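Chains as they are written, first to last, in this note's numbering: chain L, 314 to 474; chain E, 74 to 358.
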Ligand SMILES: Cc1cc2nc3c(=O)[nH]c(=O)nc-3n(C[C@H](O)[C@H](O)[C@H](O)COP(=O)(O)OP(=O)(O)OC[C@H]3O[C@@H](n4cnc5c(N)ncnc54)[C@H](O)[C@@H]3O)c2cc1C
Ligand code: FES
Ligand code: FES
């Protein structure tokens with residue numbers, strides 16, 4: 314068995330020293346080695362998006378990246394969204410608009426939306442729906458997720474202005 | 074599922090990567106965006122003993138050129154780079170249109186242009202672009218670099234001219250200067266799914282007639298195909314719905330479509346005609 318590799322990950326601005334096998338996915342490293350279990354795993358082959366995290370600002374499937382590939386990159390997970398007890402506008406909008414039921418897909422949707430809105434805060438409705446089609450939810454029927462993200466986008470733009 | 078164990082190598086220069094790959098030969102694989110290889114590893118369909126990770130090779134992550142001169146695309150350029158291509162003109166418009174149908178936004182942040190061509194999925198949009206426009210691939214090994222035309226590069230499903238110790242380093246797309254019009258139409262069951270059929274067309278129209286044309290189809294057989302016989306039929310004809318309907322029938326006759334769980338032969342052949350007609354109509358509009 315290949316040796317474990319010592320790496321340092323920067324997650325939500327905090328440094329984590331971990332020893333991992335190369336085959337361990339970034340999602341598993343976050344969950345098992347960093348103890349950050351907010352990132353979920355559904356399909357482990359890139360289809361569901363439950364594992365979505367930000368790597369250098371861009372949403373990626375953490376099940377399709379190896380932990381050893383993430384050294385030196387800025388990783389953001391759902392644990393880094395809230396500011397203390399103050400929810401991120403997206404979290405607040407999901408809460409208020411019934412954008413979740415069981416919540417399994419929610420961390421992935423939140424990180425997907427944060428990354429996409431930070432890249433383009435003024436997305437059209439069509440662009441927004443296109444981005445959100447990346448992830449799967451088995452509960453909500455998507456309407457309230459789209460609504461929550463649209464409202465949060467307005468709030469995020471207003472805060473910036 | 075989880076992948077089988079492998080040794081991980083992270084070169085920082087192309088020379089280093091080529092030497093590493095040459096050292097491991099057959100049981101070694103190159104890792105680019107990982108958006109096709111890692112799912113295959115997680116399913117244990119692929120169990121490479123060694124992975125040579127190309128992500129540290131920033132030298133392969135550049136796009137240069139423009140629609141007038143043609144573009145050079147480094148193998149490691151991510152799909153997402155074409156959401157807003159770093160140049161203008163018909164070639165840029167075509168790439169920006171096509172990229173929206175490749176998988177989903179987060180997958181496009183990691184997946185690479187070179188990885189798509191090397192993987193050679195019959196339903197890959199970039200493979201269709203390369204085959205239709207007549208791209209030139211640059212393949213490097215410790216022995217040096219050779220170039221292969223798209224027509225010789227794609228050999229079949231997941232099969233290319235790449236040898237196990239070679240890395241695809243860059244792809245040249247020929248010019249598509251002002252005056253060319255482009256059309257692309259893909260049919261898939263859900264947004265982001267692989268195409269059940271797709272077609273790409275480029276046209277030059279002058280004095281009410283088609284002066285020059287390129288037409289290709291993908292997702293319908295074992296590799297993307299440029300349809301020269303249909304191109305020959307279209308040359309000189311008026312760009313009308315009747316012409317395009319006839320071209321669609323010719324295209325159906327020119328390709329032996331494959332059947333799979335998603336589409337029977339009859340259904341896929343029908344789709345093939347439709348995507349050809351729509352791609353041509355979009356280019357002419
Ligand atoms: C849910 C999902 C949906 C998708 N939908 C689509 C779609 O609609 N259309 C589409 O085209 N693709 C789709 N993909 C695949 C995606 O586009 C991949 O990015 C692409 O097929 C492979 O590129 P990669 O950089 O990720 O390569 P990798 O996965 O890293 O590698 C793929 C193969 O190519 C080899 N390779 C990679 N780069 C090189 C190189 N430079 N030289 C030599 N060999 C190399 C690897 O060894 C491996 O065998 C989808 C993927 C997922 C997970
Ligand atoms: S767990 Fe990563 S996409 Fe499903
Ligand atoms: S809330 Fe249950 S899967 Fe989305």
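Glycine residues also receive a C-beta, built at the ideal position from the N, C-alpha and C atoms. Predicted model, so just to flag it, every value in this text is computed and none were measured.
Chain E residues whose Cβ lies nearer than 7 Å to that of residue i
| i | result |
| --- | --- |
| residue 402 of chain L | None at all; the shortest Cβ gap to chain E is about 20 Å. |
Contact set between residue i and chain L, taken where Cβ atoms lie within less than 8 Å
| i | result |
| --- | --- |
| residue 116 of chain E | 358 |
Interface residues of chain E facing residue i [CB-CB closer than 8 Å]
| i | result |
| --- | --- |
| residue 443 of chain L | 173, 178, 264 |
| residue 365 of chain L | 179 |
| residue 334 of chain L | 78 |
| residue 447 of chain L | 177, 178, 179, 180, 265 |
| residue 429 of chain L | 178 |
For residue i, three-class secondary structure by DSSP
| i | result |
| --- | --- |
| residue 88 of chain E | helix |
| residue 189 of chain E | helix |
| residue 267 of chain E | coil |
| residue 381 of chain L | helix |
| residue 257 of chain E | strand |
| residue 330 of chain L | strand |
| residue 471 of chain L | helix |
| residue 310 of chain E | coil |
| residue 350 of chain L | coil |
| residue 342 of chain E | helix |
| residue 331 of chain E | coil |
| residue 118 of chain E | coil |
| residue 391 of chain L | helix |
Residue i burial status per 10 Å Cβ neighbour count (16 or more: buried)
| i | result |
| --- | --- |
| residue 428 of chain L | buried |
| residue 338 of chain E | exposed |
| residue 451 of chain L | exposed |
| residue 334 of chain L | buried |
| residue 126 of chain E | buried |
| residue 255 of chain E | buried |
| residue 210 of chain E | buried |
| residue 263 of chain E | exposed |
| residue 233 of chain E | buried |
| residue 180 of chain E | buried |
| residue 341 of chain L | buried |
| residue 304 of chain E | buried |
| residue 415 of chain L | exposed |
| residue 332 of chain L | exposed |
Within chain E, partners of residue i - CB distance below 9 Å
| i | result |
| --- | --- |
| residue 362 of chain L | 177, 179 |
| residue 382 of chain L | 81, 83, 104, 107, 126, 128 |
| residue 420 of chain L | The contacting residues do not exist; residue 420 of chain L stays about 13 Å from chain E at best. |
Sequence-distant residues of the same chain with beta carbon closer than 7 Å to residue i, five excluded per side
| i | result |
| --- | --- |
| residue 182 of chain E | 151, 153 |
| residue 90 of chain E | 84, 125, 127, 130, 240 |
Beta-carbon proximity list for residue i, same chain, < 8 Å, skipping 5 on both sides
| i | result |
| --- | --- |
| residue 423 of chain L | 391, 394, 401, 403, 404, 407 |
| residue 200 of chain E | 189, 190, 193, 194, 227, 291, 296, 297 |
| residue 459 of chain L | 441, 442, 445 |
| residue 242 of chain E | 87, 133, 147, 148, 187, 211, 212, 213, 218 |
7 Å Cβ cut-off: residues of chain L touching residue i
| i | result |
| --- | --- |
| residue 112 of chain E | 358, 359, 377 |
Listed by chain order, chain C residues near residue i by CB distance under 8 Å
| i | result |
| --- | --- |
| residue 425 of chain L | In the displayed structure, chain C is absent; the protein chains listed are L and E. |
6 Å CB neighbourhood of residue i in its chain, flanking five on each side removed
| i | result |
| --- | --- |
| residue 267 of chain E | 196 |
| residue 337 of chain L | 380 |
Contacts that residue i makes with chain L (C-beta to C-beta distance below 9 Å)
| i | result |
| --- | --- |
| residue 75 of chain E | 336, 337, 338, 341, 357 |
| residue 183 of chain E | 368, 371, 373, 374, 377, 378 |
Which ranges would you report for the beta strand (DSSP E) in the region 427-467 of chain L if only whole runs of at least 3 residues count?
-> Look at the region 427-467 of chain L and you find no whole run of beta strand (DSSP E) that is 3 residues long or longer.
What are the start and end residues of each continuous beta strand (DSSP E) run of 3 or more residues lying completely inside the region 152-230 of chain E, in chain order?
-> The region 152-230 of chain E contains these whole beta strand (DSSP E) runs: 209-214, 217-222, 227-229.
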